[in-house]
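First up is the structure itself, then whatever we jot down about it.
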Amino acid sequence: MSYFPLNQPDGTKSNAWNGSEPAEFSNTIDGSTPNKALMQDTVYGGYTPSDNSDPVQGNPPAQKQRAWSSMFSRTNSGFSITTPKISSPAWQHKLNEKHRGRTPSDKDTIRYFDRSRQTRRVFIDCLCMWLVTAVICGGLAGTIAGFSSIDIITQKQKYAYNALVTALSILLGLAFAAQFKQYCEMMRWRFLASSYRTINDFEEVLGCDSWRSTFRLIFKGWRKGNFYPAKSQILALIWLCIFILFNVLTALIGLTYSIDVSDNWVWLEAGNVSVLDLSYISQMPQADPANYAVQWQEMAANLYGQLGQTFQLKESDPSFDDGYDDKIIFTSHDANFTEFWYRFIDASPTSDKLMATSNRTVSSTATCEEWRITAGGNAGFSPEDPNDPYAVYFNDSMGNAHYQQIMDVSAGLTTWMTNITGIGHCGPRCAKVLALQSGNNITEEEAAADDVPYVPTPRLWACNNTISQVTGYNESGFDDPDLLMLPDAQALLIGGAIGFSGINTENDDLQYQIINGDPENFFNMPGNFTAHGVAMSLMRFSMNTVAAMDRRGAPRLNTTGPTEPKQAQTINVKWWGAGAILAGVPFVQFLMLLGVVWFSGKAIILEPGYLSAAHLLYPIMQKVGPDGILMTADEMAEKLGPDVKIAYGVRPDANDPGHHEVDFVRDLDCVEESEGFGYIRGKMPEGRYD
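Adding 564 to a residue's 1-based position in the sequence shown gives its number in the numbering used here.
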């Protein structure tokens, strides 16, 4: 094949390239053109060699070299991918202009080793890879924290979470492997320079750039005649254990969180809903609710009201969605407590543990006025009428005189009385209730000592309590909205529940009830209570009744609604474990980074490529010969001989003035032990190398 030089001796272009004569090719090389000149012309481009085929003296200008890789580049394709470099690689040892200016060089193969520059580049390279690990750990922490802050995760969110955690965990494992390889590439030159090794051992250390080669080095790095492991084996074992530990910790991240059924939240969707049956009041389902006896419903209403004392009271706007709480009765946001209300719950037909607060509400509004007692009311002690000690004489707000014999009394406590014949006379869904505070005829100090309410004189209030219809729901979401309604009869029972006993007395329109329990409970009022305080007690008891019915076992019915509660899933994280892994791994890896930078700084780092390794081993391969390309490393070592040991280092030179001299050109080579130089200790000197 014929070659045409780029330039003619006189500087003009060859005719082969200006179109005057076509290029001719043959399978022979023209002997008139020296091969060396052709090769140099190819390498140096426009640089013209001297007559003796050697480069001219001095420093030729830097030229772009042509290599096989340039034939496949995208430089002229109109599309290029460039990666911004933070710094040059650690193995790039350039001879800068400041070095040439001090002592000119006549060879373009000379490079300058600057230890501080190499150390800085090793640190930056390793730090960039460490930052990748830190970012991935931060991404994992952010993903886990972000999704765990969601109260209810949907199915798609769960899939996205699992996909992100899995992908980031895989990336973290790949980052471990990449940095593990990077550390090995930086450290192996220090090991190769630390001692003379057999060809096999040298080849194992030189090829140590993965966990598999590290594992192989542990078992194949034994020195002949030694029963204890070499330093390289110990460090390889420690390195491999750390790598395995990091990957195990990455896998253990999956054990630090769990996707569980939420204890505080439910998932709502259209379906079957279990709602409170308001058509009757009972402690258990009845076969014929429409004909269930009123007396039983009166007694049940009072029992539910007393059971509701365990619920808490909370101020809130009825329209405010405050979530579900098993022990809260909501009140209006009015500071005067003029209305008490309750928000119903929707339950799952299949599980009584799955509940959600609905928008359906019912309220109680009561007003009270005090009637003046003229005689009696002292719990069986009546000096005015010793023959009728339980008689109470009082005047209503119109001044009309009344007499009532009240026997269900206790000194200092409140007796509640519901008028069963006067129900509804105060208006629709309105119940009339009386409250008698029996005097206890003791001093305030005695009441405090006995832990009872202080009621120096008996007092009597007359109250009207109105129960609203169920409001605040969208009828279009239910197949039968009438099932959600509160009938008038049951509304009256709830309004007067505080005074019901379920026992009717002949010739008496009242039922009597004393709320048992703590004498200082909300329904046994102190002697300084006002009419508004009595109304608050009455309203609260009515809402206690509804709340206990809804949440403590009253009959329910199933209907189709828009908010069927179902199990909701949430992510629970053990942050002590996840945080320790995601913060500890980058921290330990950073300490390893500093150790690698310190350890690798004593030896010159070469490019981790096959050409660099081949160039370094060229003197050894010359002894093997050009034949036997299919020979294995063991066969080559056997051919060289079992006693051949080599080390990576600076070949000693009698003309070397010392490590302080940076302009002396040293030879970086594979030094054989048989050459008799002995072990070359210390750092590789800074300066020029060829």
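Even for Gly, the Cβ is constructed at its ideal location relative to N, Cα and C.
- Counted as a single uninterrupted DSSP element, the alpha helix (DSSP H) harbouring Y747 occupies residues Q719 to L756.
- Collapsing the DSSP output to three states places P1045 in a helix.
- Around P1183, the same chain offers D1233 and C1234 as residues with beta carbons nearer than 8 Å, after the five sequence neighbours per side are excluded.
- Cβ-Cβ distances below 7 Å link I700 to L732, L735, L736 and A739 in the same chain, with the five nearest sequence neighbours on each side left out; the list follows chain order.
- When secondary structure is reduced to three states using DSSP, A854 falls in the helix class.
- In this structure L804 is in contact with I782, their Cβ atoms being roughly 7 Å apart against a cut-off of 8 Å.
- Within its own chain, the residues whose Cβ lies closer than 7 Å to the Cβ of F1086, once the five positions on either side in sequence are excluded, are S1101 and R1104, listed in chain order.
- Closest in alpha carbon position to C1027, among H1096, G1066, E1239 and M1089, is H1096.
- Rounded to whole angstroms, the gap between the alpha carbons of P1172 and E749 is 6 Å.
- Close CB contacts of T1134 within its chain, under the 6 Å cut and outside five residues either way in sequence, are with S826 (chain order).
- In this structure, DSSP gives L1232 an extended state, which the three-state scheme calls strand.
- Under the DSSP assignment, A1026 falls in the beta strand (DSSP E) whose first and last residues are R1023 to I1031.
- With respect to T982, N959 sits apart: the two C-beta atoms are not nearer than 9 Å.
- A straight-line Cα-Cα distance of about 19 Å links V837 and Y844.
- Taking each of H966, S652 and H657 in turn and checking the Cα distance to Y1253, the smallest one comes out for H657.
- Spanning the alpha carbons of M1049 and L842 requires a straight line of approximately 7 Å.
- Distance check between F904 and each of G706, T931 and S1002 places T931 closest, using alpha-carbon atoms only.
- DSSP lists E833 as the beta-bridge partner residues of E1128.
- Excluding the 5 residues flanking it on each side, A995 has same chain C-beta neighbours closer than 6 Å at I987, N1029, L1056, G1059 and G1060, in chain order.
- When the five nearest sequence neighbours on each side are left out, no beta carbon in the same chain lies closer than 6 Å to the beta carbon of G706.
- Fewer than three Cβ pairs drawn from the region 1138–1156 and the region 848–867 lie within less than 8 Å of each other, which leaves the two stretches out of contact.
- In the DSSP assignment, S922 falls within the unbroken beta strand (DSSP E) covering M919 to G940.
- A straight-line Cα-Cα distance of about 6 Å links K1166 and M1248.
- The continuous beta strand (DSSP E) containing R907 extends over residues F904 to A911.
- Residue environment: Q1054 is assigned as buried (16 or more neighbouring CB atoms within 10 Å of its CB, all protein chains considered).
- Rounded to the nearest angstrom, the Cβ distance from I1062 to S974 is 16 Å, too far for a contact under 8 Å.
- When rounded, the separation of the alpha-carbon atoms in D952 and Q969 is 8 Å.
- In the three-state reduction of the DSSP assignment, V1016 falls in the coil class, being assigned neither a helical nor a strand state.
- In this structure, DSSP gives L1170 a state outside helix and strand, which the three-state scheme calls coil.
- One Cα belongs to P1206, the other to T697, and the distance between them is close to 43 Å.
- Remark: fewer than three beta-carbon pairs, one from each stretch, lie closer than 8 Å, so the region 1120–1139 and the region 861–872 are not flagged as touching.
- In this structure, DSSP gives T1069 a state outside helix and strand, which the three-state scheme calls coil.
- A Cβ-Cβ distance of about 15 Å is found for the pair A1177 and N764, leaving them out of contact under the 8 Å criterion.
- DSSP, read as helix, strand or coil, puts D1227 in coil.
- The residue among D689, D672, Y676 and F677 with its C-alpha nearest the C-alpha of V1161 is D689.
- A straight line joining the alpha-carbon of V686 with that of P653 spans about 8 Å.
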